[in-house]
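Each protein sequence line maps, in turn, to chains A and B. In terms of the UniProt record's numbering, the first sequence is residues 1 to 373. In terms of the UniProt record's numbering, the second sequence is residues 1 to 373. For every residue, glycine included, the Cβ atom is placed at its ideal position computed from N, Cα and C. Below is one structure, written out as structure tokens; the observations come after it.
There are 2 protein chains.
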Amino acid sequence: MAASDDLLDRFYSVIPAGGIGSRLWPLSRADAPKFLHDLSGSGQSLLRDTWDRLVPLSGEHRIMVVTGRAHRAAVEKQLPGLADANVVLESEPRESTAAIGLAAAILERREPGVIIGSFAADHVISQPERFREVVKQALVTADAGYITTIGITPTEPSIGFGYIHATKPLVVEGAPDAKIVDSFVEKPDLATAKKYVKSGSYLWNAGMFIARADTLLEQIGHSRPELLEGILKLAEAWDTPRRGAVVDQVWPELEKIAIDYTVAEPSALEGKLAVVPGNFTWDDVGDFASIAKLHSGGRKSELAILGKNARVLSDSSSGVVVSHSNRVISLIGVEDIVVVDTPDALLVTTSAHAQRVKAVVDALRLSGSGDVL
Amino acid sequence: MAASDDLLDRFYSVIPAGGIGSRLWPLSRADAPKFLHDLSGSGQSLLRDTWDRLVPLSGEHRIMVVTGRAHRAAVEKQLPGLADANVVLESEPRESTAAIGLAAAILERREPGVIIGSFAADHVISQPERFREVVKQALVTADAGYITTIGITPTEPSIGFGYIHATKPLVVEGAPDAKIVDSFVEKPDLATAKKYVKSGSYLWNAGMFIARADTLLEQIGHSRPELLEGILKLAEAWDTPRRGAVVDQVWPELEKIAIDYTVAEPSALEGKLAVVPGNFTWDDVGDFASIAKLHSGGRKSELAILGKNARVLSDSSSGVVVSHSNRVISLIGVEDIVVVDTPDALLVTTSAHAQRVKAVVDALRLSGSGDVL
Numbered sequence: 001m002a003a004s005d006d007l008l009d010r011f012y013s014v015i016p017a018g019g020i021g022s023r024l025w026p027l028s029r030a031d032a033p034k035f036l037h038d039l040s041g042s043g044q045s046l047l048r049d050t051w052d053r054l055v056p057l058s059g060e061h062r063i064m065v066v067t068g069r070a071h072r073a074a075v076e077k078q079l080p081g082l083a084d085a086n087v088v089l090e091s092e093p094r095e096s097t098a099a100i101g102l103a104a105a106i107l108e109r110r111e112p113g114v115i116i117g118s119f120a121a122d123h124v125i126s127q128p129e130r131f132r133e134v135v136k137q138a139l140v141t142a143d144a145g146y147i148t149t150i151g152i153t154p155t156e157p158s159i160g161f162g163y164i165h166a167t168k169p170l171v172v173e174g175a176p177d178a179k180i181v182d183s184f185v186e187k188p189d190l191a192t193a194k195k196y197v198k199s200g201s202y203l204w205n206a207g208m209f210i211a212r213a214d215t216l217l218e219q220i221g222h223s224r225p226e227l228l229e230g231i232l233k234l235a236e237a238w239d240t241p242r243r244g245a246v247v248d249q250v251w252p253e254l255e256k257i258a259i260d261y262t263v264a265e266p267s268a269l270e271g272k273l274a275v276v277p278g279n280f281t282w283d284d285v286g287d288f289a290s291i292a293k294l295h296s297g298g299r300k301s302e303l304a305i306l307g308k309n310a311r312v313l314s315d316s317s318s319g320v321v322v323s324h325s326n327r328v329i330s331l332i333g334v335e336d337i338v339v340v341d342t343p344d345a346l347l348v349t350t351s352a353h354a355q356r357v358k359a360v361v362d363a364l365r366l367s368g369s370g371d372v373l
Numbered sequence: 001m002a003a004s005d006d007l008l009d010r011f012y013s014v015i016p017a018g019g020i021g022s023r024l025w026p027l028s029r030a031d032a033p034k035f036l037h038d039l040s041g042s043g044q045s046l047l048r049d050t051w052d053r054l055v056p057l058s059g060e061h062r063i064m065v066v067t068g069r070a071h072r073a074a075v076e077k078q079l080p081g082l083a084d085a086n087v088v089l090e091s092e093p094r095e096s097t098a099a100i101g102l103a104a105a106i107l108e109r110r111e112p113g114v115i116i117g118s119f120a121a122d123h124v125i126s127q128p129e130r131f132r133e134v135v136k137q138a139l140v141t142a143d144a145g146y147i148t149t150i151g152i153t154p155t156e157p158s159i160g161f162g163y164i165h166a167t168k169p170l171v172v173e174g175a176p177d178a179k180i181v182d183s184f185v186e187k188p189d190l191a192t193a194k195k196y197v198k199s200g201s202y203l204w205n206a207g208m209f210i211a212r213a214d215t216l217l218e219q220i221g222h223s224r225p226e227l228l229e230g231i232l233k234l235a236e237a238w239d240t241p242r243r244g245a246v247v248d249q250v251w252p253e254l255e256k257i258a259i260d261y262t263v264a265e266p267s268a269l270e271g272k273l274a275v276v277p278g279n280f281t282w283d284d285v286g287d288f289a290s291i292a293k294l295h296s297g298g299r300k301s302e303l304a305i306l307g308k309n310a311r312v313l314s315d316s317s318s319g320v321v322v323s324h325s326n327r328v329i330s331l332i333g334v335e336d337i338v339v340v341d342t343p344d345a346l347l348v349t350t351s352a353h354a355q356r357v358k359a360v361v362d363a364l365r366l367s368g369s370g371d372v373l
């Protein structure tokens, strides 16, 4: 059932550490993005959690991180084991096709036949052993030529995630749980989500991809030939003295497009996308409501409190307080409340409105308050 | 209708500036009590508002302030016109009978026959001209031997104030609106409050007293002979070099009791308490709900924002934000919210729970967080 050692030897983990996490403002900022925060309660950053989860699969020396130039120091501090050659710095954000595609192209040049797995730096997974077993199945289907995603078995009819529809088993030895992906569906309404969960043939889209690097690049080339051309030009120069010059010239011109549109959806349409269902606990910690839920462990009568030196006095039995200042925070008679307290910005909202935080960030930018973003 | 110049010449204003205003924590603190804040939107402190309201009646040189030693500098900064001889410093709080009684006794020694008016330092009055006309009527009844209070004509069935019941006119020339007080009643429930307002014979108790100093002291002596004895001992030594020694010896031993119990209620029982109804806008700004109401001017669709450099981004149409830090404050989807943001403490509650803030202060004291009180 597990991948052979041979496959693991050819495996490389890629961690795109890019998104700021605007829905987690004012905790997440341009200079303190979501992946640098401890949102899981593990005592370390989500990025470090991700690293620790992957080391048993690929080893420290086979994990590549794609991040912004501004975050280099923070990332290296979090990951002392990260090899210099495995740091890919973006001069500016160009979205996931460019980020993952470049990693794939660099690694394919260094090591033809490499299988890469791309795992977001800012998700929470509670059972890493189960996660790794699922990745091992995905390695098998990836080696068989399928771009493979990991879908999460839903535990509730969430309206916060996209879904993967998969009905047909994929018969590949060593990957007994794999299926062919029929289609992707956007975040549904509650009634639809309930139907999905009941049907048993829908999984949460966790945005993880495992594929041979050459397969992935080929798929990008089908969708966006010019984008692939740019990626290959970068990869060719990457391990040479020309890297800087080529990056300056090519990177800013790359099309900004998510890998969902260039790889996942097209390959699903062509029947070339596999999915391995994961029965581990997963959360993308997309907003403060999600953090509240994660920390209360689903219990209804608990206020989640994050922050090392939090001084909170509250009679609330639900919601979340994030204390990143050392102030006393007092809550009286407010339920499902979200209070995020940082040295220069304060957010007060409710779990029900947590998704709207992103709009505030946009409004602050427009209103000249970019200093707190 | 107005008091003669003779009565105004004998008039002295007394401002007890004592209470912290615990229900306004974390805005009000031991070292920044309620009366030092701008809660009226006037651009200056409530204490200074009070002073400005009284100067046209008694003149700058005839206003005495009774306050804690710790507040001396702040009070003198607010009131540059305050004469040294008119600052009465409490070494520790001993409640209103001691504070007002001592002021009365000092002034009576300096100027026998003086009429004093005691006015809280931390109330909001919107029509000072009307206020002064009412005080002038009260001076007449005070000179006629009545301890006189000012009752506010209710504008709504408030459950936040005590009420004064008065049915019988008091026939004194120059005070056409004066009545004899039948009784005081504690804060009522809503149904009772509605009946009170409908009846037309109930007024809000605003805690203002105008009386001849000798009458007031006599009444204190009837209720609490020992307390009067202590007060007289202090007054006798006050303008002598013995003041310090006598204060150290006598003040801490004085009974702590509100003037409501030693003067107002007993004199009402004896038919010796008069009331002049005031038809000016008055508020004791007792909690944040009251501040929200005051600043929205009764309009329903307005969030009140206090704080000179407030940077608030909100979609709320009700409640109040007090910004005493320079942080960006963002509110999403919260109504009737109360957010009080100070450098070392944050309060989040709702208008409906505003009265419970005092309990938080008690809890913080017990839990060792006295540093933010």
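{"query": "C-beta neighbour in chain B for His-353 (chain A), strict 8 angstroms", "result": "yes"}
{"query": "Alpha-carbon to alpha-carbon, Lys-179 (chain B) and Leu-170 (chain B)", "result": "5 angstroms"}
{"query": "Spatially closest choice to Gly-18 (chain A) from A:Pro-188, A:Leu-24, A:Leu-57, A:His-71, by CA coordinates", "result": "A:His-71"}
{"query": "Meets three-Cβ-pair contact criterion under 8 angstroms: the segment 85 to 97 of chain B and the segment 60 to 68 of chain B", "result": "yes"}
{"query": "Within the segment 234 to 275 of chain B, ranges of the alpha helix (DSSP H) (whole runs, at least 4 residues)", "result": "243 to 250, 265 to 269"}
{"query": "Spatially closest choice to Ala-166 (chain A) from A:Asp-177, A:Val-124, A:Asp-182, A:Met-64, by CA coordinates", "result": "A:Asp-182"}
{"query": "Three-state secondary structure assigned by DSSP to Arg-212 (chain B)", "result": "strand"}
{"query": "Assigned secondary structure, Leu-9 (chain A) (DSSP; H/G/I helix, E/B strand, else coil)", "result": "The sequence shown places Asp at residue 9 (chain A), rather than the Leu named in the question. Reduced to three states, the DSSP call for Asp-9 (chain A) is helix."}
{"query": "Stretch pair the segment 191 to 202 of chain A + the segment 152 to 162 of chain A: three plus CB contacts closer than 8 angstroms", "result": "yes"}
{"query": "The segment 231 to 241 of chain B touching the segment 98 to 111 of chain B, judged by at least three CB pairs closer than 8 angstroms", "result": "yes"}
{"query": "Any chain B beta carbon closer than 8 angstroms to Thr-240 (chain A)", "result": "no"}
{"query": "Delimiting residues of the beta strand (DSSP E) encompassing Leu-346 (chain B)", "result": "345 to 350"}
{"query": "Val-322 (chain A) vs Gly-307 (chain A) beta-carbon contact at 8 angstroms", "result": "yes"}
{"query": "Local Cβ density within 10 Å of Gly-271 (chain A), reported as buried at 16 or more and exposed below that", "result": "exposed"}
{"query": "Identified DSSP bridge partners for Pro-169 (chain B)", "result": "B:Lys-179"}
{"query": "Rounded distance between the beta-carbons of Ile-220 (chain A) and Val-172 (chain A), thought under 8 angstroms", "result": "Actually they are not in contact, since the Cβ atoms of Val-172 (chain A) and Ile-220 (chain A) sit about 23 angstroms apart, beyond 8 angstroms."}
{"query": "Ile-63 (chain B) to Lys-358 (chain A) span [Cα, whole Å]", "result": "55 angstroms"}
{"query": "Where Trp-25 (chain B) falls: helix, strand or coil (DSSP)", "result": "coil"}
{"query": "Cβ shell of Phe-288 (chain B) (< 6 angstroms), same chain only, five flanking positions each side left out", "result": "Val-320, Val-338, Ala-354"}
{"query": "Spatial distance of Leu-294 (chain B) from Thr-153 (chain B) (CA atoms)", "result": "17 angstroms"}
{"query": "Neighbour flag for Ile-159 (chain B) against chain A, beta carbons, 8 angstroms", "result": "no"}
{"query": "The segment 3 to 10 of chain A contacting the segment 44 to 51 of chain A, beta-carbon criterion three pairs below 8 angstroms", "result": "no"}
{"query": "At least 3 beta-carbon pairs within less than 8 angstroms: the segment 138 to 153 of chain B vs the segment 111 to 127 of chain B", "result": "yes"}
{"query": "Burial state of Thr-240 (chain B) (16 or more Cβ within 10 Å)", "result": "exposed"}
{"query": "Reduced DSSP category for Ile-115 (chain A) - H, G, I as helix; E, B as strand; rest coil", "result": "strand"}
{"query": "Extent of the continuous beta strand (DSSP E) run through Leu-331 (chain A)", "result": "328 to 331"}
{"query": "8 angstroms Cβ cutoff, Arg-356 (chain B) in contact with chain A", "result": "yes"}
{"query": "C-beta contact flag for Asp-344 (chain B) and Leu-346 (chain A) at 8 angstroms", "result": "no"}
{"query": "Exposure label - Gln-78 (chain A); buried when at least 16 CB within 10 Å", "result": "buried"}
{"query": "Contacting positions in the segment 325 to 345 of chain B - beta carbon closer than 7 angstroms to chain A", "result": "Arg-327, Val-328, Ile-329, Ser-330, Leu-331, Ile-332, Gly-333, Val-334, Ile-337, Val-339, Asp-341, Asp-344, Ala-345"}
{"query": "Start-to-end residues for the beta strand (DSSP E) that takes in Leu-364 (chain A)", "result": "Leu-364 (chain A) -> not in any beta strand (DSSP E); alpha helix (DSSP H) instead, spanning 357 to 366."}
{"query": "Given 8 angstroms, three or more beta-carbon pairs between the segment 129 to 140 of chain A and the segment 15 to 32 of chain A", "result": "no"}
{"query": "Contact belief for Phe-131 (chain B) with Phe-280 (chain B) at Cβ below 8 angstroms, rounded distance in angstroms", "result": "5 angstroms"}
{"query": "Beta-carbon proximity of Gly-286 (chain A) to Ile-150 (chain A), cut-off 8 angstroms", "result": "no"}
{"query": "Residue environment, Gly-207 (chain A), which counts as buried when at least 16 other CB atoms sit within 10 Å", "result": "buried"}
{"query": "7 angstroms CB neighbourhood of Pro-16 (chain A) in its chain, flanking five on each side removed", "result": "Val-66, Ser-96, Ala-99, Ile-100, Ser-118, Ala-120, Ala-121"}
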